[in-house]
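Chemist: Got a structure here, written out as structure tokens. Questions coming.
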Amino acid sequence: MPLQTIDGTDVQYYLLSFDENGVERREPDGTLLSAKVIARLADPAEKITDVFLASHGWKGDVPAAIEQYDKWMGEMAASRDRSAMQQKRPGFKAINVGIHWPSLPFGDENIPSGTGHTLGAGGDPLEQRVSEFAASVSNTPKAVDAIRTILVASEEDDGRSASLPADVSAAYKTLIAEAGLGDKTADLGAAPGDDHPAFDPDAMYAAVRDAESAIDGDDKLLGGSLLDKLKGLVQSPLQQLSFWKMKDRARAVGESGAHSLLISLMNAAPGTTKFHLMGHSFGCIVVSATVAGPPGGPALPRAVDTLFLVQGALSLWSFCPDIPFAKGTSGYFNRILAQKLVRGPLVTTRSSHDNAVGKLYPPAAQIKGQFVLDDELPKFGGVGTYGARGLGALADDAVMGDENHDYKFKAGRVYNIESSGIIATGGGASGAHSDIAHPEVAHVMWQAVAAAP
């Protein structure tokens with residue numbers, strides 16, 4: 050894939066595609082794009098000073114990845130902070146790399162070759178949806194049959210049942226077993242995707258149904274509105290299982306291909322080249338795993354300079370040295386802080402308008418397994434809702450300001466930025482989850498870049 054050029058700017062970026070196992074996919078001409086990036090970094094004539102490495106989140110195929118990166122990197126390019134950085138650091142010259150990983154089941158995974166070709170959709174709509182969920186949860190024969198049972202029941206659901214039909218409940222239990230999601234022990238320090246208790250599909254359905262009933266409010270008195278709202282909810286646990294399985298894929302891609310890529314980039318670049326990582330949604334898991342690497346695996350040649358986690362769909366306890374709900378257990382990515390793998394600031398954003406992170410986490414676990422501390426921090430919750438917690442004096446809270454706001458970021462610290470005033474627009478199940486392309490958000494990252502030692 051040639052360099053992607055963002056319309057109206059002089060900014061370009063490489064889009065490196067990985068498969069679900071973290072293996073880099075070859076370009077249409079058989080080459081590996083990473084080799085071209087490495088060659089540019091190693092070329093003394095290029096004089097690259099900074100590398101920006103980003104990862105999109107869940108539900109992104111190749112076209113969606115391009116759209117997301119065009120918006121985000123376009124916002125970074127348009128920021129007045131970019132000009133300020135060029136003045137502050139004469140010779141500033143960056144390479145931008147966007148990681149693509151298959152996070153949209155049944156999406157278009159064709160790497161563009163200039164033909165504009167995309168995959169067509171055709172076929173039976175029900176079987177397409179079965180294939181979509183099978184790709185993200187489990188595609189064993191038993192799992193596929195179970196998914197089909199659930200989806201057929203969802204189409205027939207009239208919203209009247211207060212519990213899952215017996216055959217659907219049985220199908221869910223089969224699917225949970227086939228997906229390897231059964232018999233977990235609520236290990237909050239486990240790898241993303243495994244950091245949950247045992248799933249109870251009946252409790253999950255009841256929790257979502259109760260939540261939807263409460264949201265309906267007075268409209269339920271108008272006749273039929275509540276039942277319309279509850280139709281098809283029998284597939285809600287299926288969506289939640291897909292959520293947790295995709296967390297596991299994000300970790301796997303980050304720890305394998307993306308981590309190896311970062312090592313190669315660092316080895317090729319001059320020792321003065323700075324590295325800045327940004328992730329959105331499950332992309333926060335990808336970039337965190339890219340920095341941390343697999344437990345016991347090869348370490349980075351040196352620390353990265355900044356880590357920016359935007360509306361992160363990873364546990365709020367991910368970086369905690371001693372999780373309050375599991376004393377003596379550290380968060381899965383605590384080693385990033387313990388080993389000082391980020392030289393500059395580690396910054397997160399959180400928004401009350403982000404329904405994807407705010408509402409998927411609690412219902413995805415048994416409702417009886419959800420506890421809340423005195424300061425209202427839950428056992429299961431996302432960084433995009435609560436920030437990175439359990440860090441004591443190492444972390445600071447701040448509110449996202451305008452493009453002139455000085456955050457006074459310091460190297461080696463964690464900053465949780467309350468962003469509900471900016472990351473606020475969006476409808477449907479996700480809410481404002483993807484509403485991140487704002488000058489104010491780009492300003493936060495540029496401020497972190499400027500604070501890197």
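Residues in the sequence shown are numbered consecutively from 50, following my numbering. Where is the CB? At the ideal position from N, CA and C, for every residue including glycine.
1) From A114 to R209, what distance separates their C-alpha atoms?
2) Assess contact between the segment 311–323 and the segment 221–241, defined as three or more Cβ pairs (one per stretch) separated by less than 8 angstroms. Is contact present?
3) With distance defined between alpha-carbon atoms, name the residue in E181, L90 and L287 nearest to Y254.
4) Within this structure, are the beta carbons of Q360 and H329 separated by less than 9 angstroms?
5) What are the complete alpha helix (DSSP H) segments, minimum 4 residues, inside the segment 194–255?
6) Determine the contact status of V217 and P174, defining contact as a CB-CB distance below 9 angstroms.
7) Expressed to the nearest angstrom, what Euclidean distance is found between the alpha-carbon atoms of N70 and Y381?
8) So T434 and R399 are supposed to be a Cβ contact under 8 angstroms. How far apart are they, rounded?
9) Given a cut-off of 9 angstroms on the beta-carbon distance, is the pair A133 and D99 in contact?
10) Just verifying my parser: in three-state terms, what is the DSSP assignment at M327?
11) Report back the beta-carbon spacing between V186 and R197 to the nearest angstrom; my notes put them in contact at under 8 angstroms.
12) Using a threshold of 9 angstroms, state whether the C-beta atoms of V456 and A447 are closer than that.
13) Can you tell me whether T339 is helix, strand or coil according to DSSP?
14) From the DSSP output, which residues share a beta bridge with T189?
15) What residues match up with G109 in a beta bridge as DSSP calls it?
16) Can you grab the Cα-Cα spacing for the pair A183 / H105, in whole Å?
17) Give me whichever residues DSSP pairs with V490 in a beta bridge.
18) According to the neighbour-count rule (16 or more other Cβ atoms, all chains shown, within 10 Å of its Cβ), is A228 buried or exposed?
Modeler: In short, the structure shows the following:
1) On the sequence shown, residue 114 is found 65 positions in, with the first residue counted as 1. On the sequence shown, residue 209 is found 160 positions in, with the first residue counted as 1. Approximately 39 angstroms, taken between the alpha carbons.
2) no
3) Within the sequence shown, the letter at position 205 stands for residue 254. Ranking the options by Cα distance to Y254, first place goes to L287.
4) In the sequence shown, the residue the question calls residue 360 occupies position 311. In the sequence shown, the residue the question calls residue 329 occupies position 280. In this structure, H329 lies closer than 9 angstroms to Q360 by Cβ.
5) 215–227
6) In the sequence shown, counting from the first residue as 1, residue 217 sits at position 168. In the sequence shown, counting from the first residue as 1, residue 174 sits at position 125. Going by C-beta atoms, V217 is not nearer than 9 angstroms to P174.
7) Indexing the sequence shown from 1 puts residue 70 at position 21. Indexing the sequence shown from 1 puts residue 381 at position 332. The straight-line gap from Cα to Cα measures roughly 20 angstroms.
8) If you number the sequence shown from 1, residue 434 lands on position 385. If you number the sequence shown from 1, residue 399 lands on position 350. With a Cβ gap of about 6 angstroms, T434 and R399 count as contacting.
9) As a position in the sequence shown, residue 133 is number 84, starting the count at 1. As a position in the sequence shown, residue 99 is number 50, starting the count at 1. No, they are not a contact pair.
10) Start at 1 with the first residue of the sequence shown, and residue 327 comes out as number 278. Three-state DSSP puts M327 in a strand.
11) Here residue 186 refers to the residue found at position 137 of the sequence shown. Here residue 197 refers to the residue found at position 148 of the sequence shown. At roughly 12 angstroms, the Cβ-Cβ gap does not stay under 8 angstroms, so V186 and R197 are not in contact.
12) Against the sequence shown, residue 456 aligns to sequence position 407. Against the sequence shown, residue 447 aligns to sequence position 398. Residue 456 is actually Tyr in this sequence, not Val. Contact flag set, yes.
13) Here residue 339 is taken as the residue at index 290 of the sequence shown, counted from 1. The answer is helix: DSSP assigns T339 an H, G or I state.
14) Within the sequence shown, numbered from 1, the residue matching residue 189 stands at position 140. DSSP output for T189 lists no bridge partner at all.
15) Locating residue 109 in the sequence shown gives position 60, counting from the first residue. In the DSSP output, where bridge partners are listed per residue, G109 has none listed.
16) Taking the sequence shown and counting its residues from 1, the one referred to as residue 183 is at position 134. Taking the sequence shown and counting its residues from 1, the one referred to as residue 105 is at position 56. Rounded to whole angstroms, A183 to H105 spans 22 angstroms at the Cα level.
17) Within the sequence shown, numbered from 1, the residue matching residue 490 stands at position 441. DSSP lists no partner for V490.
18) Against the sequence shown, residue 228 aligns to sequence position 179. Result: buried.
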